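Peer 1: Dropping a structure here in structure tokens format, bear with me for questions.
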Amino acid sequence: MYVMKIPANKSLRGRARELRKNSTLAEVLFWNVVKNKQLNGLDFDRQKVIGNYIVDFYCPQLNVVIEIDGCSHATKQEYDKSRDEYLKSLGMHILHVYDEDVKRDMDGVLRMVSGFCEKYLQDK
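Shown next, in the form of structure tokens:
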């Protein structure tokens with residue numbers, strides 16, 4: 001299986017490590033159900049540096065990014081738009097999931113993520 005080499009700003013590695021240590025509750029909950037290939041056998045990285053950005057979760061097999069969006073994203077619309085455009089320019093597929101949905105309806109979130117990933121599994 002071919003896994004794309006992605007650009008990464010190495011100076012962001014320390015910040016990504018900090019974010020992994022200080023994850024939000026929704027990120028921890030989501031990570032606990034996708035780590036160790038628990039979701040459809042897919043491998044996910046968390047707080048992955050891609051270019052000049054750090055994404056919440058990245059699945060290299062499918063080139064899929066999962067972003068857990070909390071209330072802070074309401075004031076970061078331009079930043080999120082620029083990040084998404086950059087990621088799409090690399091051929092990545094992005095799914096935004098609301099923080100509250102992760103905390104209140106994990107089964108629904110997992111169905112949504114599975115369905116999203118299923119589209120790209122068929123292309124592999």
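Here my numbering is used: the first residue of the sequence shown is 1, the next is one more, and so on.
Even glycine gets a Cβ: it sits at the ideal position worked out from N, Cα and C.
Predicted model only: the values in this text are computed from it and were never measured.
Assuming residue 30 and residue 68 make a contact with CB atoms under 8 Å, what is their CB distance in whole Å?
Peer 2: At roughly 6 Å, the Cβ-Cβ gap stays under 8 Å, so residue 30 and residue 68 are in contact.
Peer 1: Could you give the first and the last residue of the continuous beta strand (DSSP E) run that contains residue 30?
Peer 2: Segment 25-34 is the alpha helix (DSSP H) holding residue 30; no beta strand (DSSP E) there.
Peer 1: Distance, Cα to Cα, residue 60 vs residue 107?
Peer 2: The alpha-carbon atoms of residue 60 and residue 107 are separated by roughly 23 Å.
Peer 1: Pair every Cβ in the segment 6-17 with every Cβ in the segment 39-59, then say whether three or more of these pairs are closer than 8 Å.
Peer 2: Cβ pair count under 8 Å is three or more, so yes.
Peer 1: Take residue 93 as the anchor and find which of 57, 20, 109 and 17 has the nearest alpha-carbon.
Peer 2: Residue 57 is the option with its Cα nearest to residue 93.
Peer 1: Which complete beta strand (DSSP E) runs does the segment 81-112 hold, if anything under 3 residues is left out?
Peer 2: Within the segment 81-112, the complete beta strand (DSSP E) runs of at least 3 residues are 93-98.
Peer 1: Looking at the secondary structure, which residues open and close the alpha helix (DSSP H) in which residue 21 lies?
Peer 2: Run containing residue 21: 13-21, per the alpha helix (DSSP H) assignment.
Peer 1: So if DSSP puts residue 57 in a beta bridge, which residue, or which two residues, is it bridged to?
Peer 2: Residue 57 pairs with 46 and 66.
Peer 1: Residue 66 and residue 113 look like a contact to me (Cβ under 8 Å); what is the Cβ gap, rounded to whole Å?
Peer 2: Rounded, the Cβ-Cβ distance is 6 Å, consistent with contact.
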